[in-house]
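Note that my numbering numbers the sequence shown so that position 77 is 79, with each residue one more than the last. The beta-carbon is built from N, C-alpha and C at its ideal position, and this holds for glycine as well.
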Amino acid sequence: MERPERPTWSGDRIHATAVRLDRDAHVNLLTLWPHLWLMLPEEIRGEIGRARTTLTRAAVLGGWALLYLPLAWWWWPAGPLAATLVVISARRLRTASDTYATLLEASVRLHLTDLADKLRIEEQPMGPPLGSAVMRRLSSPAPATEPAL
Numbered sequence: 003m004e005r006p007e008r009p010t011w012s013g014d015r016i017h018a019t020a021v022r023l024d025r026d027a028h029v030n031l032l033t034l035w036p037h038l039w040l041m042l043p044e045e046i047r048g049e050i051g052r053a054r055t056t057l058t059r060a061a062v063l064g065g066w067a068l069l070y071l072p073l074a075w076w077w078w079p080a081g082p083l084a085a086t087l088v089v090i091s092a093r094r095l096r097t098a099s100d101t102y103a104t105l106l107e108a109s110v111r112l113h114l115t116d117l118a119d120k121l122r123i124e125e126q127p128m129g130p131p132l133g134s135a136v137m138r139r140l141s142s143p144a145p146a147t148e149p150a151l
């Protein structure tokens, strides 16, 4: 695990994936991901999509818990219901974010060389030189400015 930098465990878990990939392979996950997503095999994209859906559902369940909480003022059964939903949501969110982050990291580690091949970068093992070459190719160049007259 990486040093915590986010307010929630789930946020830290996903952020740790980005930190490790930056440290180990010199890739920025935010820049790399859209390009990698387009070339991933359908079954992997489906698996990541299901993990993302599970993560979203867990977060929505937590939102419902927050919505039930004010109802406890008028209707006492809403209090235990909200508490139960918070506990279930927290457990599901933790599991789902761990699964999602693991799939993201595995996808990058397994398919970065495939993306490099598509970008016509010479074959190299997974690591900082390959990651740096891919990031240079994916980074958009700064716009050329015309000299002021």
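Local Cβ density within 10 Å of residue i, reported as buried at 16 or more and exposed below that
i, result
"S141", "exposed"
"L32", "exposed"
"L69", "exposed"
"S91", "buried"
"D93", "The sequence as given places Arg at residue 93; Asp does not occur at that position. Its Cβ having fewer than 16 others within 10 Å, R93 is exposed."
Delimiting residues of the alpha helix (DSSP H) encompassing residue i
i, result
"H113", "80 to 120"
"S134", "130 to 140"
"A74", "Unbroken run through A74: none, as it is neither H nor E."
Proximal residues to residue i (C-beta, below 7 Å), its chain only, five neighbours per side dropped
i, result
"Q126", "L132"
Pairwise C-alpha distance: residue j and residue i
i, j, result
"M41", "R138", "18 Å"
"W35", "D119", "16 Å"
"A74", "R5", "38 Å"
"W66", "P72", "11 Å"
"Y102", "P130", "24 Å"
"R47", "L23", "19 Å"
"D26", "W11", "22 Å"
Nearest-angstrom Cβ-Cβ length linking residue i and residue j, presumed shorter than 8 Å
i, j, result
"L95", "G64", "7 Å"
"E49", "L105", "6 Å"
Neighbourhood of residue i by C-beta distance below 8 Å, restricted to the same chain and skipping five residues each side
i, result
"V136", "V29, L34, L114, L117, A118, L121, I123"
6 Å Cβ shell around residue i - same chain, five flanking residues per side excluded
i, result
"A98", "T56, L57, A60"
"L83", "Y70"
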